[in-house]
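Undergrad:
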Amino acid sequence: MPSSSEATSRGETDPITLGRRIRHLRTTQGLTLDALGEKVGSAPSLLSLVENGRREPRLGLLRSIAEALGVPMSELLSAEPPSRRAALEIALDRAQRGPLFTTLGVPAVKPSQKLPMPVLEQLVGLHEELARREQLAIATPEEARRANTELRLEREARDNHYPQFEAVAEQLVKAAGYTGGALTHRTVARMAEQMGFTLLHVDDLPRSARSVTDLHNGRIYLPPASTPGGHGLRSLALQALAHRVLEHDRPRSYGEFLRQRVEITYFAAACLAPQFVAVPFLEARKRERDLAVEDFRDAFGITHEAAAMRLTNLATHHLGIPLHFLRVGADGALFRGYANDGLPFPQDVTGAIEGQLICRRWAAREAFERRDRATEFYQYTDTPAGTFWCSTQTGSMSPSGGPDGGSGAFSITVGVPYAHAKWFRGRDSQVRRSSGCPDPACCQRPAPELTDRWAGEAWPSGRMHQQILAALPRGAFPGVDDAEVYAFLDKHAPE
Ligand SMILES: [Zn+2]
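Using UniProt numbering, the letters of the sequence shown map in sequence onto residues 1 to 495.
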């Protein structure tokens with residue numbers, strides 16, 4: 001939703017603030033609208049519209065007004081409200097012009113000089129609280145799914161490549177002495193030091209937070225360094241740093257929270273497999289027609305999932321290969337997905353793909369049927385959208401799950417359209433499956449003979465999916481228990 005405050009932050013003139021600044025200067029100089037109108041050769045009614053932010057003045061008029069008031073143009077165009085009172089009047093005006101106010105069906109109050117300050121303060125306070133509650137209310141699961149879908153479509157449209165994050169990551173790892181291979185924990189700590197932070201490992205992190213940063217004392221608290229498979233820690237530390245590097249503010253909505261999550265994950269991945277090393281590596285493997293996620297993973301010492309996701313950042317932009325990525329649970333439900341190659345993901349009515357059951361014939365599910373799960377599984381799949389080649393690796397999480405939840409067995413898949421299979425190891429796979437999904441006859445409807453036998457005789461009791469009903473805890477940061485976080489920081493703060 002484009003708001004006036006956003007326009008201001010982009011350096012554009014906000015007509016409401018501009019109007020208030022003009023009125024403030026005019027009244028402090030004891031000028032009436034008529035008097036100013038005479039000086040600038042404009043009708044007082046037009047000036048009134050400008051002062052009320054209802055009309056944007058032409059540049060010529062603006063120049064005349066500045067001249068008449070004896071101030072430089074920049075004084076008029078400043079984004080600062082001229083006084084506390086003006087700030088409140090602007091806030092009230094803005095609130096009453098917003099979509100939320102119109103849904104209330106109550107009369108507006110003119111934010112004029114006649115309104116006593118305490119009344120203004122209270123009205124603005126109420127509007128702010130109303131807006132805050134509205135923001136929280138939309139973080140329902142459905143809105144969260146919509147926001148998430150919007151972000152995924154945006155990433156797919158730009159081939160999941162963000163040059164600005166690549167650049168800042170490259171600059172920071174180079175400054176910390178990185179030249180190639182796996183980014184060591186020591187180098188990550190040096191990056192933190194160079195930004196004024198110390199990494200500290202604690203075993204009592206608040207359960208709702210993945211890491212906590214003490215901005216006052218320059219400390220980043222992370223889970224214990226001895227966590228098995230602790231290479232995720234570099235990523236967590238980098239993600240915590242990313243909030244500072246990318247100058248994040250507190251997320252004001254669930255959509256913003258998700259966007260920040262995408263950005264910090266991207267930044268961490270771009271540090272762990274920096275473009276200036278990763279791209280030449282991938283280009284060489286492509287020339288050899290021996291691209292493999294497992295090699296990419298091992299060359300940079302990252303998880304299979306991180307390597308697969310990182311491939312989506314680089315493969316299309318740098319290697320000209322469209323591709324898809326899936327993380328699927330053993331139950332067949334999609335946990336996370338990305339595709340800019342036309343793979344037909346199942347979707348719900350909001351366009352969300354998370355939680356949807358994917359086709360039983362896809363490699364991401366067929367891989368669970370294999371005995372040997374130590375190596376990647378390769379499969380060609382014919383779908384209504386064409387033939388895809390996929391490479392799938394299965395694995396399992398500890399029962400407590402990863403930093404983002406998700407436990408039990410899962411599979412990580414990277415795949416490409418048939419024409420691009422030639423660049424990958426495993427292209428000679430003889431495994432070929434046919435998928436008709438989303439046609440329910442493909443694999444969702446029970447076989448007719450089984451239906452004949454069991455329809456009316458089966459009574460399974462459904463499992464409740466917790467995330468469907470759970471709203472995000474309210475607080476300064478969506479999803480985070482502030483009371484727990486502040487108590488934690490207080491406990492660990494230096495004397
Ligand atoms: Zn199917």
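Think of the CB as a built atom: it goes at the ideal place given N, C-alpha and C, for glycine as much as any other residue.
Need the endpoints of the alpha helix (DSSP H) that Arg63 sits in, please.
TA: For the purposes of this step, residue 63 is taken as residue 63 along the sequence shown, with counting starting at 1. Looking at the DSSP string, the run of the alpha helix (DSSP H) that includes Arg63 is 59 to 69.
Undergrad: So, at 7 angstroms on beta carbons, what are the nonlocal neighbours of Glu495 in its own chain, with the 5 sequence-adjacent residues on each side left out?
TA: Counted from its first residue, the sequence shown places residue 495 at position 495. Once the five neighbours on either side are set aside, Glu495 has no close Cβ partner at all.
Undergrad: In this structure, how does DSSP classify Val119 when only helix, strand and coil are distinguished?
TA: Your numbering for residue 119 matches position 119 in the sequence shown. In this structure, Val119 counts as helix in the three-state DSSP scheme.
Undergrad: Is there contact here, the stretch 273 to 285 with the stretch 305 to 324, by at least three beta-carbon pairs under 8 angstroms?
TA: In short, these stretches touch, since the Cβ pair count reaches three.
Undergrad: Could you check whether the Cβ of Arg361 sits closer than 6 angstroms to any heavy atom belonging to ligand 1?
TA: Within the sequence shown, the letter at position 361 stands for residue 361. Indeed, a heavy atom of ligand 1 lies less than 6 angstroms from the Cβ.
Undergrad: Starting from the Cα of Asn160, find the closest Cα among Gln444, Ala339, Arg207, Gly462 and give me that residue.
TA: Position 160 of the sequence shown, counted from the start, is the residue given in the question as residue 160. With distances taken between Cα atoms, Asn160 lies closest to Ala339.
Undergrad: Tell me, which residues are paired with Gln379 by DSSP?
TA: In the sequence shown, counting from the first residue as 1, residue 379 sits at position 379. According to DSSP, Gln379 bridges with Cys390.
Undergrad: Which of helix, strand or coil does DSSP assign to Val414?
TA: Within the sequence shown, the letter at position 414 stands for residue 414. Three-state DSSP puts Val414 in a strand.
Undergrad: Measuring only the C-alpha atoms, how far is Leu258 from Gly426?
TA: Reading the sequence shown from its first residue, position 258 is the one you call residue 258. Reading the sequence shown from its first residue, position 426 is the one you call residue 426. Answer to the nearest angstrom: the Cα atoms are 35 angstroms apart.
Undergrad: Answer with buried or exposed for residue 505, where buried requires no fewer than 16 other C-beta atoms within 10 angstroms of its C-beta.
TA: With the chain covering only 1 through 495, there is no way to say anything about residue 505.
Undergrad: Rounded to whole angstroms, what is the Cα-Cα separation between Val485 and Arg250?
TA: What you label residue 485 is simply residue 485 of the sequence shown in a count that begins at 1. What you label residue 250 is simply residue 250 of the sequence shown in a count that begins at 1. Each residue's alpha carbon lies about 15 angstroms from the other.
Undergrad: Below 7 angstroms between beta carbons: does that hold for Gln356 and Leu334?
TA: Position 356 of the sequence shown, counting from 1, holds the residue named residue 356. Position 334 of the sequence shown, counting from 1, holds the residue named residue 334. Cβ atoms of Gln356 and Leu334: closer than 7 angstroms.
Undergrad: Which value, in whole angstroms, describes the spacing of the CA atoms of Leu172 and Gln113?
TA: Here residue 172 is taken as the residue at index 172 of the sequence shown, counted from 1. Here residue 113 is taken as the residue at index 113 of the sequence shown, counted from 1. Rounded to whole angstroms, the gap between the alpha carbons of Leu172 and Gln113 is 52 angstroms.
Undergrad: Applying the criterion that 16 or more other CB atoms from any shown protein chain within 10 Å of the CB defines a buried residue, is Thr381 buried or exposed?
TA: If you number the sequence shown from 1, residue 381 lands on position 381. By the neighbour-count rule (16 or more Cβ atoms within 10 Å), Thr381 is buried.
Undergrad: When DSSP labels each residue in this structure, what does Thr451 get in the three-state scheme?
TA: Taking the sequence shown and counting its residues from 1, one reaches residue 451 at position 451. DSSP places Thr451 in helix when its eight states are reduced to three.
Undergrad: In whole angstroms, what is the alpha-carbon distance linking Arg360 and Asp482?
TA: Mapped onto the sequence shown, residue 360 falls at position 360. Mapped onto the sequence shown, residue 482 falls at position 482. Arg360 and Asp482 have their C-alpha atoms spaced approximately 42 angstroms apart.
Undergrad: Flag Cys443 as yes when its Cβ comes closer than 6 angstroms to any non-hydrogen atom of ligand 1, and as no otherwise.
TA: As a working note, residue 443 is residue 443 in the sequence shown. Yes, ligand 1 has a heavy atom inside 6 angstroms of this Cβ.
Undergrad: Terminal residues of the continuous beta strand (DSSP E) containing His324?
TA: Taking the first residue of the sequence shown as position 1, residue 324 is located at position 324. Its beta strand (DSSP E) spans residues 324 to 329.
Undergrad: Taking the alpha carbon of Lys110 as the reference point, which residue from Arg94, Glu38, Phe368 has its own alpha carbon closest?
TA: For this step, residue 110 is matched to residue 110 along the sequence shown. Comparing alpha carbon positions, the residue from Arg94, Glu38, Phe368 closest to Lys110 is Arg94.
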